[in-house]
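J.: Heads up: the sequence shown is residues -24 to -1, 1 to 180, going by mature numbering (1 follows the signal peptide of the UniProt record, and there is no 0).
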Amino acid sequence: MLRLRTSLLFALVVALSGIRPGEPYFYNGIKSGLEADLKHSLFLDRVGQCRWQHDLPIFLSDMRIAQQNNTHYVISGVLRVRRNITDATTGTVSIEICQNATQCRPFIDRPVAIGDVCQFLAEKRPSSLGEVLGHSVPPLRCPLTKGVYRINDALVDYKPFRYFSPNVSKLWRIDLVAESGQKRVFCVRIELYVYSWEDMLPRY
Ligand SMILES: *[C@@H]1O[C@H](CO)[C@@H](O)[C@H](O)[C@H]1NC(C)=O
Ligand SMILES: *[C@@H]1O[C@H](CO)[C@@H](O)[C@H](O)[C@H]1NC(C)=O
Ligand SMILES: *[C@@H]1O[C@H](CO)[C@@H](O)[C@H](O)[C@H]1NC(C)=O
Ligand SMILES: *[C@@H]1O[C@H](CO)[C@@H](O)[C@H](O)[C@H]1NC(C)=O
């Protein structure tokens, strides 16, 4: 909970130094929240392999997450594809809200299908996931061949996270899962915190 403590400390500094919290100033974490209301602060905590699923054919070690500025993170990592993946591969996304590191429940009833992963990679649609995967060296292409793929300095902004409201939960998990030949080949978990600056300020 070092980050949380850092944030609280910062809130204190804000309170002491007279910076008004209404001002768009984000020391750590980036802005999030719906377009009209960028008051939430997003802490992208972890992007990496789902726990207990380290043996899947595709492995993403914990990515390095660095804050670029108020609106962007820069993320880098290494994706290991341990065997050629030749069968059709489909993806799903699921979202959970958590009370703490262990108590989570689904936010959406069942995982949302995102369809054919190869089509997604080929279309290069402008999306955050597309942006991240598009930074791979060598490029990620289907059929996915065994090898090491480096993702260097992909920029991710607040936009995919703007619907994650701290009013619903402060701790969220997003699981990206891919299946090929009815077997799970990929599972990446994104863990994030959202806070409203007002909530974090000490009240007297
Ligand atoms: C933050 O950094 C990104 C990437 O360098 C840039 O596109 C964006 O304009 C910057 N935003 C602000 C508010 O400086
Ligand atoms: C994996 O695919 C590559 C490229 O198509 C091929 O050269 C290699 O022999 C394949 N490996 C296996 C184990 O099938
Ligand atoms: C998480 O919250 C649940 C329910 O509030 C509690 O029983 C459990 O001990 C908590 N776990 C941790 C690791 O704090
Ligand atoms: C979230 O809660 C705050 C304070 O309780 C409230 O002002 C705000 O309107 C709520 N936002 C949404 C999107 O419900």
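From the three backbone atoms N, C-alpha and C, an ideal C-beta is built for every residue, glycine too. All of these numbers come straight from a predicted model, not from anything done at the bench.
(1) Going by Cα to Cα distance, which pick from Asn76, Cys80, Thr62 is closest to Val93?
(2) For residue 183, which residues from the same chain have a beta carbon less than 6 Å from its beta carbon, with the 5 sequence-adjacent residues on both sides left out?
(3) Please specify which runs of the beta strand (DSSP E), each continuous and at least 3 residues long, are wholly inside the region 88 to 147, giving them in chain order.
(4) With Ile90 and Thr68 assumed to form a contact (beta carbons below 8 Å), what rounded beta-carbon distance in angstroms separates them?
(5) Consider the C-beta atom of Asn128 and the heavy atoms of ligand 1; say whether any pair is separated by less than 7 Å.
(6) Using the Cα positions of Gly110 and Lys100, report the straight-line distance between them to the nearest angstrom.
(7) According to DSSP, is residue 181 part of a helix, a strand, or is it coil?
(8) What does a CB cutoff of less than 8 Å around Leu18 pick up in its chain, not counting 5 residues either side in sequence?
(9) Under 6 Å from any heavy atom of ligand 1, by CB: list those residues in chain order, please.
(10) Which residues does DSSP pair with Ala154 in a beta bridge?
(11) For a quick check, are the C-beta atoms of Val57 and Lys122 less than 8 Å apart?
(12) Do Tyr125 and Leu131 have their beta-carbon atoms positioned less than 8 Å apart in this structure?
(13) Compare the C-alpha of Gln43 against each of Ile166, Leu32, Arg27, Asp129 and name the closest.
T.: Walking through what the data contain:
(1) Thr62
(2) Lying before the first or after the last residue shown, residue 183 is absent from the chain, which here runs from -24 to 180.
(3) 88 to 92, 123 to 133
(4) 6 Å
(5) no
(6) 7 Å
(7) No answer is possible for residue 181: the residues shown for the chain start at -24 and end at 180.
(8) Gly5, Ile6, Lys7, Ser8, Tyr134, Phe137, Phe140, Leu168, Tyr169, Val170
(9) Gln44, Asn45, Asn46, Thr47, His48, Leu131
(10) Gly67, Phe162
(11) yes
(12) no
(13) Asp129
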